[in-house]
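> Chains as they are written, first to last, in this note's numbering: chain A, 2 to 206; chain B, 2 to 206; chain C, 2 to 206; chain D, 2 to 206.
Number of protein chains: 4
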Amino acid sequence: MGHQTPAEVEAGLLRPPSGARSDAAHEKALRSAVCLLKIGGMKAATIDAISEQSGVSKVTLYRHWPSRQAIAAEAFGVLMARHLTFPETDSAQADLNDYLDDIGKFYRGPLGSIFVELVGACANDATTAAYFRTFFLDERRRGFADLIQRCVESEYFRDDIDTEQAIDLFFGPLVYRMLVGHASIDDRALHSIIDHAIRGLRKPV
Amino acid sequence: MGHQTPAEVEAGLLRPPSGARSDAAHEKALRSAVCLLKIGGMKAATIDAISEQSGVSKVTLYRHWPSRQAIAAEAFGVLMARHLTFPETDSAQADLNDYLDDIGKFYRGPLGSIFVELVGACANDATTAAYFRTFFLDERRRGFADLIQRCVESEYFRDDIDTEQAIDLFFGPLVYRMLVGHASIDDRALHSIIDHAIRGLRKPV
Amino acid sequence: MGHQTPAEVEAGLLRPPSGARSDAAHEKALRSAVCLLKIGGMKAATIDAISEQSGVSKVTLYRHWPSRQAIAAEAFGVLMARHLTFPETDSAQADLNDYLDDIGKFYRGPLGSIFVELVGACANDATTAAYFRTFFLDERRRGFADLIQRCVESEYFRDDIDTEQAIDLFFGPLVYRMLVGHASIDDRALHSIIDHAIRGLRKPV
Amino acid sequence: MGHQTPAEVEAGLLRPPSGARSDAAHEKALRSAVCLLKIGGMKAATIDAISEQSGVSKVTLYRHWPSRQAIAAEAFGVLMARHLTFPETDSAQADLNDYLDDIGKFYRGPLGSIFVELVGACANDATTAAYFRTFFLDERRRGFADLIQRCVESEYFRDDIDTEQAIDLFFGPLVYRMLVGHASIDDRALHSIIDHAIRGLRKPV
DNA sequence: AGCTAAGCGAGACGGTACGTCAAGTCTTTCA
DNA sequence: TGAAAGACTTGACGTACCGTCTCGCTTAGCT
Numbered sequence: 002m003g004h005q006t007p008a009e010v011e012a013g014l015l016r017p018p019s020g021a022r023s024d025a026a027h028e029k030a031l032r033s034a035v036c037l038l039k040i041g042g043m044k045a046a047t048i049d050a051i052s053e054q055s056g057v058s059k060v061t062l063y064r065h066w067p068s069r070q071a072i073a074a075e076a077f078g079v080l081m082a083r084h085l086t087f088p089e090t091d092s093a094q095a096d097l098n099d100y101l102d103d104i105g106k107f108y109r110g111p112l113g114s115i116f117v118e119l120v121g122a123c124a125n126d127a128t129t130a131a132y133f134r135t136f137f138l139d140e141r142r143r144g145f146a147d148l149i150q151r152c153v154e155s156e157y158f159r160d161d162i163d164t165e166q167a168i169d170l171f172f173g174p175l176v177y178r179m180l181v182g183h184a185s186i187d188d189r190a191l192h193s194i195i196d197h198a199i200r201g202l203r204k205p206v
Numbered sequence: 002m003g004h005q006t007p008a009e010v011e012a013g014l015l016r017p018p019s020g021a022r023s024d025a026a027h028e029k030a031l032r033s034a035v036c037l038l039k040i041g042g043m044k045a046a047t048i049d050a051i052s053e054q055s056g057v058s059k060v061t062l063y064r065h066w067p068s069r070q071a072i073a074a075e076a077f078g079v080l081m082a083r084h085l086t087f088p089e090t091d092s093a094q095a096d097l098n099d100y101l102d103d104i105g106k107f108y109r110g111p112l113g114s115i116f117v118e119l120v121g122a123c124a125n126d127a128t129t130a131a132y133f134r135t136f137f138l139d140e141r142r143r144g145f146a147d148l149i150q151r152c153v154e155s156e157y158f159r160d161d162i163d164t165e166q167a168i169d170l171f172f173g174p175l176v177y178r179m180l181v182g183h184a185s186i187d188d189r190a191l192h193s194i195i196d197h198a199i200r201g202l203r204k205p206v
Numbered sequence: 002m003g004h005q006t007p008a009e010v011e012a013g014l015l016r017p018p019s020g021a022r023s024d025a026a027h028e029k030a031l032r033s034a035v036c037l038l039k040i041g042g043m044k045a046a047t048i049d050a051i052s053e054q055s056g057v058s059k060v061t062l063y064r065h066w067p068s069r070q071a072i073a074a075e076a077f078g079v080l081m082a083r084h085l086t087f088p089e090t091d092s093a094q095a096d097l098n099d100y101l102d103d104i105g106k107f108y109r110g111p112l113g114s115i116f117v118e119l120v121g122a123c124a125n126d127a128t129t130a131a132y133f134r135t136f137f138l139d140e141r142r143r144g145f146a147d148l149i150q151r152c153v154e155s156e157y158f159r160d161d162i163d164t165e166q167a168i169d170l171f172f173g174p175l176v177y178r179m180l181v182g183h184a185s186i187d188d189r190a191l192h193s194i195i196d197h198a199i200r201g202l203r204k205p206v
Numbered sequence: 002m003g004h005q006t007p008a009e010v011e012a013g014l015l016r017p018p019s020g021a022r023s024d025a026a027h028e029k030a031l032r033s034a035v036c037l038l039k040i041g042g043m044k045a046a047t048i049d050a051i052s053e054q055s056g057v058s059k060v061t062l063y064r065h066w067p068s069r070q071a072i073a074a075e076a077f078g079v080l081m082a083r084h085l086t087f088p089e090t091d092s093a094q095a096d097l098n099d100y101l102d103d104i105g106k107f108y109r110g111p112l113g114s115i116f117v118e119l120v121g122a123c124a125n126d127a128t129t130a131a132y133f134r135t136f137f138l139d140e141r142r143r144g145f146a147d148l149i150q151r152c153v154e155s156e157y158f159r160d161d162i163d164t165e166q167a168i169d170l171f172f173g174p175l176v177y178r179m180l181v182g183h184a185s186i187d188d189r190a191l192h193s194i195i196d197h198a199i200r201g202l203r204k205p206v
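1. For C:Arg-203, does the three-state DSSP call read helix, strand or coil?
2. If you run the structure through DSSP and keep just helix, strand and coil, what is D:Phe-158?
3. Using DSSP with H/G/I as helix, E/B as strand and the rest coil, what is A:Gly-110?
4. Since I believe C:Leu-112 is in contact with C:Leu-148 (beta carbons under 8 Å), could you give me their beta-carbon distance rounded to a whole number of angstroms?
5. B:Glu-118 touches chain A at which residues, Cβ-Cβ below 8 Å?
6. Using a cut-off of 7 Å between C-beta atoms, extract the partners of A:Glu-165 located in chain B.
7. Give the DSSP-derived three-state secondary structure of D:Ile-195 in the structure shown.
8. Could you please give the first and the last residue of the uninterrupted alpha helix (DSSP H) stretch that includes C:Ile-186?
9. Starting from B:Pro-174 and walking both ways along the alpha helix (DSSP H), at which residues does that stretch end?
10. Give the DSSP-derived three-state secondary structure of B:Ala-46 in the structure shown.
11. Cβ closer than 7 Å: which chain D residues qualify as neighbours of C:Ser-193?
12. Let me check you understand the geometry: is the CB of D:Leu-38 closer than 7 Å to at least one non-hydrogen atom of the ligand PLP?
13. On a CA-only basis, which of C:Gly-121, C:Phe-136, C:Ala-131 and C:Gly-56 is nearest D:Ala-127? Give me that one, please.
14. Would a check of beta-carbon distances place B:Val-153 closer than 8 Å to chain A?
15. From A:Val-60, A:Ala-26, A:Lys-204 and A:Val-79, pick the residue whose C-alpha is nearest to that of A:Lys-39; which is it?
16. Compare the Cα-Cα distances from D:Phe-172 to each of D:Cys-152, D:Asp-103 and D:Asn-125 and report the closest residue.
17. What span of residues does the alpha helix (DSSP H) with C:Ala-73 cover, start to end?
18. Provide the residue span of the alpha helix (DSSP H) that contains B:His-65, from first to last.
19. Measuring straight from C-alpha to C-alpha, what distance separates A:Ser-114 and A:Tyr-108?
20. Taking 8 Å as the CB-CB limit, is C:His-197 close to chain D?
21. Please confirm if B:Tyr-177 has its CB atom under 8 Å from at least one CB of chain A.
22. Candidates A:Pro-67, A:Val-60, A:Glu-156 and A:Phe-87: which alpha carbon is nearest A:Leu-101's?
23. Using a Cβ-Cβ distance under 8 Å, would B:Gly-110 count as near chain A?
24. Nearest-angstrom Cα distance between A:Glu-75 and A:Ala-146?
25. State the Cα-Cα distance for the pair A:Gly-201 and A:Ile-195, rounded to the nearest angstrom.
26. D:Leu-138 and C:Val-181 look like a contact to me (Cβ under 8 Å); what is the Cβ gap, rounded to whole Å?
27. If we call anything under 8 Å between Cβ atoms a contact, is A:Ala-50 one with A:Leu-37?
28. Run down chain D in chain order and give the residues with a C-beta less than 9 Å from the C-beta of C:Gly-144.
29. What did DSSP end up calling C:Thr-128 once you bin it into helix, strand or coil?
30. For A:Val-60, count neighbouring Cβ atoms within 10 angstroms of its own Cβ and tell me buried if that reaches 16, exposed if not.
31. Between the Cα of D:Glu-68 and the Cα atoms of D:Glu-154, D:Asp-91, D:Val-57 and D:Thr-129, which residue gives the shortest distance?
32. Out of A:Ser-23, A:Lys-106 and A:Cys-123, which has the shortest C-alpha to C-alpha gap to A:Ala-71?
33. How many angstroms separate the CA atom of A:Ser-55 from the CA atom of A:Ala-73?
34. Helix, strand or coil for B:Thr-90? Go by DSSP, reduced to three states.
35. To the nearest angstrom, how far is it from the Cα of D:Arg-203 to the Cα of D:Asp-163?
36. Can you tell me whether DSSP reads D:Gly-56 as helix, strand or coil?
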């Protein structure tokens with residue numbers, strides 16, 4: 002399947018398949034971007050480096066993406082596709098705790114810092130943000146939204162909460178701390194933050 | 002008073018005063034940076050532009066700050082010093098609501114987008130983050146912490162909450178949304194987010 | 002009739018006729034090249050532009066010509082076919098003067114600067130030079146050679162001159178000045194140069 | 002002494018001396034350009050190549066010259082400064098013949114083809130032409146003008162000739178032939194052309 | 001009448017070079 | 001002695017044009 006600009010993706014459109022060549026370049030570029038991101042983060046994923054390492058010319062890269070940040074965003078989506086599956090047991094509450102634990106580990110690992118760099122890049126460029134959402138965030142949020150919904154259905158959370166806001170209540174504080182570094186996100190802090198957020202969402206007992 | 006690197010600041014150290022000239026250059030540079038930030042955001046606040054507009058040579062800038070982001074961070078602190086005072090009436094709860102209202106307006110205004118750009122810049126460079134905290138964030142958080150403490154004392158909030166986490170429970174979701182743009186921060190969303198956060202902190206009634 | 006590469010042309014060979022389509026593309030490309038040359042000179046006559054404007058694909062262009070300069074050279078020949086006819090009255094001397102006057106006007110006009118650009122392009126590529134000669138210069142020189150021959154026959158010029166050299170004695174200085182711009186080619190200069198050249202060729206009286 | 006743009010040079014102005022560093026870069030770049038020109042002609046003297054080989058950054062090159070052709074033009078001037086001195090014996094006529102002989106050899110040698118490439122480059126860009134004249138041609142023409150003047154004084158040439166035109170009468174045909182390649186410039190042709198030109202300038206006997 | 005080979009438009013691609021921007025360093029000169 | 005002035009290197013950027021390639025369509029001309 003060919004690549005898609007966020008606009009098209011967000012509009013639910015697909016580009017007409019363009020032939021083997023185009024996709025090959027797209028894939029090669031993404032693979033190189035993934036590799037460079039893992040090794041050196043956003044700083045390493047320059048257009049020149051991706052071009053050189055992948056054998057895809059710069060002009061072609063610019064035909065496929067509007068900026069290096071966009072490539073990185075999509076590459077990050079590819080990279081994360083293999084991680085962080087959502088637990089799905091009988092207990093929504095247990096699943097929530099499991100998932101939030103995973104999140105904590107993720108944020109403190111190498112992928113976490115790439116994630117943070119990407120969020121930072123979103124600040125400078127709305128297009129990057131669009132790519133980041135389309136190729137990574139949206140799907141992940143959908144998964145988490147399902148989990149929250151299950152918490153609502155099992156009467157763990159109130160039924161008048163806004164799912165999107167609930168998600169941000171968990172993630173926002175963590176991301177903010179990772180970006181600015183004003184406070185720790187060690188296990189204790191993490192659990193305490195989560196605890197506060199859960200209290201904000203729980204159904205009164 | 003001469004300038005301080007964050008390391009020194011955070012360690013409570015002061016550089017030996019360096020003479021009248023130095024401070025004049027420091028001030029001039031900051032004034033220019035403030036001006037450039039207001040006009041064109043982070044993108045406009047380049048070293049060359051600051052140097053040219055302020056008449057302070059690049060070399061001198063680098064003697065005073067480690068990077069252009071650091072200048073911007075300190076300049077932003079200067080810029081914000083005149084805004085967003087904390088309300089202080091008899092009612093902590095009313096003060097909290099007033100303040101959070103102000104925050105909303107601030108985030109959506111021109112200063113808000115500079116703030117977001119700076120937070121984004123923090124992602125790439127720990128030193129920038131240190132400057133940002135030292136010259137802007139720390140003081141502001143202290144003010145907000147006091148407000149939260151008053152909410153605890155007036156038994157609006159529980160007394161076992163962590164003030165730092167409480168702050169991030171309010172700010173994190175907003176900042177996250179501003180950065181990534183995945184959801185609105187209009188008045189309704191804002192109040193709903195705040196409402197969720199407050200619920201997480203409130204003393205059970 | 003199909004097109005010919007200079008080598009073939011110069012060897013007196015013709016390509017086997019290739020079918021109606023081929024010629025249509027050839028003509029369309031030349032027409033576009035003429036148009037682009039007139040509007041923007043050599044700089045505008047890029048392969049991409051010719052291809053786009055004419056609807057002839059780049060691959061086809063490269064099947065018909067070895068380079069964009071070659072296309073331009075042939076197009077210039079087409080363009081000039083409509084201009085600069087040779088006067089032919091009873092007086093060879095008068096005809097010579099008329100023609101040289103025309104030349105002066107031509108060199109200073111828009112076609113003159115295209116001509117100069119093409120001569121400049123010949124410097125970098127022998128193939129371009131071959132096209133330029135085949136599709137423009139050779140025929141023109143033949144015409145001028147006839148005129149000079151008539152001057153010899155009417156005993157205006159010596160009969161031991163080399164016609165080719167005589168032509169270059171007139172044109173070389175003009176072209177050189179147009180290329181390098183070290184001296185004017187206004188009417189006075191032009192006539193003076195021509196006068197020197199004629200003196201070099203005249204039969205002593 | 003710092004470098005000069007042709008406009009300044011032609012206006013007789015000098016840039017204010019800029020310090021040792023600048024000149025070092027200028028010299029290094031020219032040396033590299035000379036070297037590259039000798040090895041591969043104009044095609045080899047790319048900005049990137051000059052920058053890489055000389056260790057002078059591209060930005061600096063563009064501060065010193067407006068284009069690679071300008072660098073090449075100045076470099077060619079440097080290269081030629083060591084060649085083609087003007088003979089100066091008692092006999093102006095003999096000196097003229099000697100010099101024209103030298104010219105022939107020069108045109109057919111490796112430097113000749115660089116010369117032709119440069120003349121060709123002048124066709125596309127007036128600035129290149131200005132550099133070419135300033136750093137190579139003007140001085141050379143001054144020398145040749147002196148020689149022609151001596152021919153006038155010795156009553157070999159008429160005294161009503163225009164020196165500039167006389168120069169072009171010799172050089173124009175040669176340059177034209179070298180550029181377009183429509184006719185030979187072997188010894189016979191060369192002498193014949195020179196002979197024609199001389200006839201055009203000689204004092205009637 | 002159908003088949004085959006050629007020419008064709010479309011358009012993506014790798015490559016070379018360009019010209020520019022901003023960052024951060026270094027030297028010279030001045031106060 | 002410290003700072004202004006400003007030239008410098010570095011690294012990356014985004015673009016232009018080139019010449020090549022593959023694809024699938026059309027057409028010509030032979031079988």
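Ideal Cβ placement from N, Cα and C applies to all residues, glycine included.
Concretely, from the data shown:
1. Residue state, collapsed to three classes: strand.
2. Looking at D:Phe-158 - three-state DSSP - the assignment turns out to be strand.
3. Here A:Gly-110 sits in coil by DSSP.
4. Distance from C:Leu-148 to C:Leu-112 at the Cβ level is roughly 20 Å; contact not present, criterion being Cβ atoms closer than 8 Å.
5. Residues of chain A with a Cβ closer than 8 Å to the Cβ of B:Glu-118 are, in chain order, Ala-124 and Asn-125.
6. Close partners of A:Glu-165 in chain B (Cβ separation under 7 Å): Ala-184.
7. Helix at D:Ile-195.
8. Unbroken run through C:Ile-186: none, as it is neither H nor E.
9. Here the alpha helix (DSSP H) through B:Pro-174 covers 164-181.
10. Secondary structure at B:Ala-46: coil, using DSSP grouped into helix, strand and coil.
11. In chain order: Asp-163 and Gln-166.
12. The ligand PLP is not part of the structure shown, which contains no ligands of any sort.
13. For D:Ala-127, the nearest C-alpha among the options comes from C:Gly-121.
14. So no, B:Val-153 is outside the interface.
15. Selected option, being the one with the closest Cα: A:Val-79.
16. Taking D:Phe-172 as reference, the option from D:Cys-152, D:Asp-103 and D:Asn-125 with the minimal CA-CA separation is D:Asp-103.
17. For C:Ala-73, the uninterrupted alpha helix (DSSP H) segment begins and ends at 69-81.
18. Where B:His-65 is concerned, the enclosing alpha helix (DSSP H) starts and stops at 59-65.
19. Within the model, the alpha-carbon separation for A:Ser-114 versus A:Tyr-108 is close to 7 Å.
20. Answer yes: the Cβ-Cβ gap between C:His-197 and chain D drops below 8 Å somewhere.
21. At least one C-beta of chain A is nearer than 8 Å to the C-beta of B:Tyr-177.
22. Of the candidates A:Pro-67, A:Val-60, A:Glu-156 and A:Phe-87, the one whose C-alpha sits nearest the C-alpha of A:Leu-101 is A:Phe-87.
23. Residue-level contact by beta carbon fails for B:Gly-110 and chain A, as no gap is shorter than 8 Å.
24. If you draw a straight line from the Cα of A:Glu-75 to the Cα of A:Ala-146, it is about 22 Å long.
25. Taking the straight line joining both Cα atoms gives about 10 Å.
26. In this structure D:Leu-138 is in contact with C:Val-181, their Cβ atoms being roughly 7 Å apart against a cut-off of 8 Å.
27. In this structure, A:Leu-37 lies closer than 8 Å to A:Ala-50 by Cβ.
28. What C:Gly-144 touches in chain D: nothing, since even the nearest Cβ is about 14 Å away.
29. Shown here, C:Thr-128 sits in a helix according to DSSP, grouped into three states.
30. The residue in question, A:Val-60, is exposed, as its Cβ has fewer than 16 Cβ neighbours within 10 Å.
31. Note that residue 68 of chain D is Ser in the sequence shown, not Glu. With distances taken between Cα atoms, D:Ser-68 lies closest to D:Thr-129.
32. That would be A:Cys-123, whose Cα lies nearest to the Cα of A:Ala-71.
33. Straight across, the Cα-Cα distance linking A:Ser-55 with A:Ala-73 is about 14 Å.
34. It is coil, neither helix nor strand.
35. Rounded to the nearest angstrom, the two C-alpha atoms are 12 Å apart.
36. Coil at D:Gly-56, not helix or strand.
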